[in-house]
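Participant: Quick one: structure below, then a few questions.
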Amino acid sequence: MNNSSSFSSFKKNRVQTSKSIPGARLSPYNGQLLLSTGEDKHTGYSKLLLKYFLSQGIASGHHVLFSSAEEDPANFIKGLPWITNDDTNDLDDGTEIDDKMKIAWRYKEMKKFESGIKSNNRQNVMPPIFKNKQISITKPQRQEQPFCHTFDLTKSIPQSSIDSASLTLIDATKWADELHDENMYNKLLSEIRLVIDQNNFSSLTAPSTGVESNALRIGIHSIASPSWHSNSPHDLYRFFHALRGILRSSSSLSVITIPAHLYTSNSMSSSFIRRIEH
Numbered sequence: 208m209n210n211s212s213s214f215s216s217f218k219k220n221r222v223q224t225s226k227s228i229p230g231a232r233l234s235p236y237n238g239q240l241l242l243s244t245g246e247d248k249h250t251g252y253s254k255l256l257l258k259y260f261l262s263q264g265i266a267s268g269h270h271v272l273f274s275s276a277e278e279d280p281a282n283f284i285k286g287l288p289w290i291t292n293d294d295t296n297d298l299d300d301g302t303e304i305d306d307k308m309k310i311a312w313r314y315k316e317m318k319k320f321e322s323g324i325k326s327n328n329r330q331n332v333m334p335p336i337f338k339n340k341q342i343s344i345t346k347p348q349r350q351e352q353p354f355c356h357t358f359d360l361t362k363s364i365p366q367s368s369i370d371s372a373s374l375t376l377i378d379a380t381k382w383a384d385e386l387h388d389e390n391m392y393n394k395l396l397s398e399i400r401l402v403i404d405q406n407n408f409s410s411l412t413a414p415s416t417g418v419e420s421n422a423l424r425i426g427i428h429s430i431a432s433p434s435w436h437s438n439s440p441h442d443l444y445r446f447f448h449a450l451r452g453i454l455r456s457s458s459s460l461s462v463i464t465i466p467a468h469l470y471t472s473n474s475m476s477s478s479f480i481r482r483i484e485h
């Protein structure tokens, strides 16, 4: 009797794998199911995220460094969205409540005394004494800011907010003729290091006395575009490697956008992007 036919007709029921789900794939690193957010063909979404990042930095009083070789950084900053009216009112109300609480606390700490004066002890009446309590005028402290603001895309940042902000604008559009054979990425790294050293953002050195701690936000728009001249792709790899070391050794963070045309099916472009991502 031939048993092979009976076994060949038996098939194990298998659970449908996630690979068959449209628009999904498994991560090659941990096997986790990944869903795409869609491609930003014209880089509008990434540019919007970068603007939110910079606007939040200005609203929070952080030092903001922005660089671009595609457009004038000053014009880019003028196009940032700004805080909604509701968010501004909430901030004002919170400040007013905090001030009232401080006043109430001061009165609570004062020693209570009687408003009337007894006739039989008139000669022994003394003015109220506040022991170990001194009222002094202190320097105004930095206003407490909310962790996250709400921004209105139809509302542009006021010029007064730009003027009072701590900004460093690096216009890389002018470097093409100035640097000649020098690497533009090395020039940008030098500018970033200079800002970190001058403003005490480095965690490798002790902070200066009397200097309040702050954060540095670094925004770079459309890096690796043809406007960023370099001798080889390795210049960009070295830039990201050096920038990662700078961020780890300072109170800094960065958001960088990359042109969408680099995210193509071309194998050379794909390899280029993968190396940047890691």
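Each residue of the sequence shown is one higher than the last, beginning at 208 in the working numbering. The beta carbon of each residue, even a glycine, is placed where N, CA and C say it ideally should be.
Between Leu401 and Ala231, what straight-line distance do the alpha-carbon atoms span, to the nearest angstrom?
Facilitator: For the purposes of this step, residue 401 is taken as the residue at position 194 of the sequence shown. For the purposes of this step, residue 231 is taken as the residue at position 24 of the sequence shown. Straight-line Cα distance between these residues: approximately 44 Å.
Participant: Indicate the three-state DSSP secondary structure (helix, strand or coil) for Thr361 in the structure shown.
Facilitator: For the purposes of this step, residue 361 is taken as the residue at position 154 of the sequence shown. DSSP places Thr361 in strand when its eight states are reduced to three.
Participant: Could you tell me which of Tyr252, Phe446, Ile369 sits nearest to Met391, measuring between CA atoms?
Facilitator: Looking up residue 391 in the sequence shown gives position 184. Comparing Cα-Cα distances from Met391 to each of Tyr252, Phe446, Ile369, the minimum goes to Phe446.
Participant: Does the beta-carbon of Thr416 have 16 or more other beta-carbons within 10 angstroms, so that it is buried, or is it exposed?
Facilitator: Taking the sequence shown and counting its residues from 1, one reaches residue 416 at position 209. Burial call: exposed.
Participant: Please return the same chain residues whose Cβ sits closer than 7 Å to the Cβ of Asp378, not counting the five positions on each side in sequence.
Facilitator: Against the sequence shown, residue 378 aligns to sequence position 171. Excluding residues within five positions, the ones whose Cβ falls inside 7 Å are Asp279, Pro280.
Participant: Quick one: residues in its chain with C-beta nearer than 8 Å to the C-beta of Ser456, no 5 flanking neighbours on either side, listed in chain order?
Facilitator: For this step, residue 456 is matched to residue 249 along the sequence shown. Taken in chain order, the residues that qualify are Ser409, Ser410, Leu411.
Participant: Exposed or buried, Lys362, counting other C-beta atoms within 10 Å across all chains shown (16 or more means buried)?
Facilitator: Stepping through the sequence shown from its first residue, residue 362 is reached at position 155. With fewer than 16 Cβ atoms within 10 Å of its Cβ, Lys362 is classed as exposed.
Participant: Rounded to whole angstroms, what's the CA-CA distance from Gly426 to Pro288? Just pull it up for me.
Facilitator: In the sequence shown, the residue the question calls residue 426 occupies position 219. In the sequence shown, the residue the question calls residue 288 occupies position 81. Between Gly426 and Pro288, the C-alpha separation is close to 15 Å.
Participant: Distance, Cα to Cα, Asn237 vs Leu360?
Facilitator: For this step, residue 237 is matched to residue 30 along the sequence shown. For this step, residue 360 is matched to residue 153 along the sequence shown. Looking at the two C-alpha atoms, the distance is approximately 37 Å.
Participant: Tell me the residue span of the beta strand (DSSP E) that contains Ala231.
Facilitator: Position 24 of the sequence shown, counted from the start, is the residue given in the question as residue 231. It spans 231–233 - the beta strand (DSSP E) in which Ala231 sits, taken as one unbroken run.
Participant: Could you spell out where the beta strand (DSSP E) holding Phe273 opens and where it closes?
Facilitator: Here residue 273 is taken as the residue at index 66 of the sequence shown, counted from 1. Here the beta strand (DSSP E) through Phe273 covers 270–275.
Participant: Please classify Ala413: is it buried, with 16 or more other beta-carbons within 10 angstroms of its beta-carbon, or exposed?
Facilitator: Position 206 of the sequence shown holds residue 413. So Ala413 counts as exposed.
Participant: Measuring CB to CB, does Ile430 end up less than 8 Å from Ile480?
Facilitator: The count along the sequence shown starts at 1 and reaches residue 430 at position 223. The count along the sequence shown starts at 1 and reaches residue 480 at position 273. Their beta carbons are not under 8 Å apart, which means Ile430 does not touch Ile480 by this criterion.
Participant: Run through DSSP, which three-state label would Trp435 get?
Facilitator: Position 228 of the sequence shown, counted from the start, is the residue given in the question as residue 435. Of the three classes helix, strand and coil, the one that applies to Trp435 here is coil, per DSSP.
Participant: Look at the Cβ atom of Ser461, then the Cβ atom of Leu469, and state whether they are nearer than 8 Å.
Facilitator: One-based indexing of the sequence shown puts residue 461 at position 254. One-based indexing of the sequence shown puts residue 469 at position 262. No. Outside cutoff.
Participant: Bridge partners of Thr375, per DSSP?
Facilitator: Taking the sequence shown and counting its residues from 1, the one referred to as residue 375 is at position 168. In DSSP, Thr375 forms a bridge with Leu272.
Participant: List the endpoints of the continuous beta strand (DSSP E) containing Ile453.
Facilitator: As a first step, residue 453 must be located in the sequence shown, where it is residue number 246. No beta strand (DSSP E) holds Ile453; the alpha helix (DSSP H) holding it covers 440–455.
Participant: Could you check if Lys258 is buried or exposed, using at least 16 other CB atoms within 10 Å of its CB as the buried criterion?
Facilitator: Looking up residue 258 in the sequence shown gives position 51. The residue is buried, with at least 16 neighbouring Cβ atoms inside 10 Å.
Participant: Taking its Cβ as the centre, do 16 or more other Cβ atoms sit within 10 Å of Val418, making it buried, or is it exposed?
Facilitator: As a working mapping, residue 418 is identified with position 211 in the sequence shown. The residue is exposed, with fewer than 16 neighbouring Cβ atoms inside 10 Å.
Participant: Are the CB atoms of Ile493 and Ala383 nearer to each other than 8 Å?
Facilitator: The shown model of the chain, from 208 to 485, leaves out residue 493, and the question about it has no answer.
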